[in-house]
Structures are given as C-alpha cells and as structure tokens.
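Here the structure is laid out as structure tokens; the discussion comes afterwards.
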Amino acid sequence: MTAPAEKPFLYVVVCAAGIAAGVGELIAAAQERDWEVGVIATPVAMGGFFDSAAVEARTGRPVRSAWRSPSDPRPFPAPDAVVVAPATFNTLNKWAAGLADTLAVGTLCEAAGLGVPIAVLPCVADALAAHPAYRDSLARLRGMGVRFGEPYSGMPDERGVRAAFPWTSALDLLRTG
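Position 93 (the sequence shown) corresponds to 92 in numbering that gives the first Met the number 0; numbering is contiguous.
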C-alpha cells in the first residue's frame, strides 16, 4: 500500500493594504481546494493590516515576515505555487527590480527564478497605477510569466460602493497557466 500524496503547498504573500484584513477568505478557499498554505507578510503588513493570530490558527503555521538564521529549520516546504494578494505598488516595483530587501520580496524573486507559478492580485490606487515605473514593472513581471488578476484600486464607485476584493480569482489564475 502506498502512502497518500502530500497536498501541494501554496505560499500566500500578503502586503500592507487595508483589504489584507480579508486574507482569510483566500486561505479558506485554498484549503477547500486541497492546498496546504503558508503565509509570508511584508513587515509593514505585520503592523495590523490582518489578524496574524487568526491566520496562524487557520493554517497551523507561523506567519513569516523575517529572514530565518541559517541554523533555523525551514518552517515551510518549497512552494508549488505562490499567490500575492493584495499586491501593492511598493512590493510589485521592488520585485520587478529584483530588490529583495524583505523576506516577502526575496521569496517572490526566488520563486520566479525557479519557475514556480505565481498569481498576483494588485491593489493599487489609480494615481499610483498611472506611474510609469509601475507600468514597466507589470510588463517585466508578465514577461517573467507572472499571472495577474484584474486591477483593484479599492476606491468606491459613483454610488459609493466598494467592490469586493476577488480573493479566489488568484486560485483560478493558477489553474489557467
């Protein structure tokens, strides 16, 4: 009798945007689709943008935001895929430029270099999205095979209604590549 195959492992990279408070929706959907999940957050996101204790309870793993020392064991297995949600202006530009100054961005740089499938749900204000560096970064990341969901500015529409963030669409992007 053979042992059952392990579930695939998904890294969820969380950036500092107000919408990050809903990341549990993505985690729950990934687990329903039979993924094991580990969360890596930018240092600023760890400052109250989401409930890290709830995420740790949901995943059964620590939320990571800092580099480990060489003697520490790896807390997560290698990723089978990565989702960046919400993905901010700062993180996307640093990643495209190869500026691996945080664990989150370093992980993204490494995953892209290894050919790991990556899905991104940008959460960038329209004024920042108009910046030429951002447009260049998106083009570079797309050229690296990164899959993007529809842009989300977080701004309310003309009726004052804010659209729901499309958390589960990231998982659909992983299937289409």
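The beta-carbon is built from N, C-alpha and C at its ideal position, and this holds for glycine as well.
Computed from a prediction, not measured in an experiment: that's the story for all the values here.
Quiz prompt | DSSP bridge partner residues for TYR10 (one or two, in chain order) | solution = GLY37 and VAL81
Quiz item: By DSSP, does ALA96 sit in helix, in strand, or in coil?
Solution: helix
Exercise. Look up ILE117 in the DSSP assignment and give the residues it is bridged to.
Key: VAL81
Quiz item: Where DSSP assigns a beta bridge to TYR151, which residues make up the other side?
Solution: Answer by DSSP bridge pairing, in chain order: CYS122.
Quiz item: Should VAL160 go down as buried or exposed, given a rule of 16 or more other Cβ atoms within 10 Å for buried?
Solution: VAL160 counts as exposed, since fewer than 16 other C-beta atoms from the protein chains shown sit within 10 angstroms of its C-beta.
Quiz item: Got a sec? Which residues, its chain only, sit under 6 Å from ALA99 by beta carbon, not counting five neighbours each side?
Solution: GLY105 and CYS108
Exercise. Quick one: using the 10 Å Cβ neighbour count with 16 as the cut-off for buried, is ARG141 buried or exposed?
Key: exposed
Quiz prompt | Start and end residues, alpha helix (DSSP H) containing ILE26 | solution = Counting along the chain, the alpha helix (DSSP H) containing ILE26 begins and ends at 22–31.
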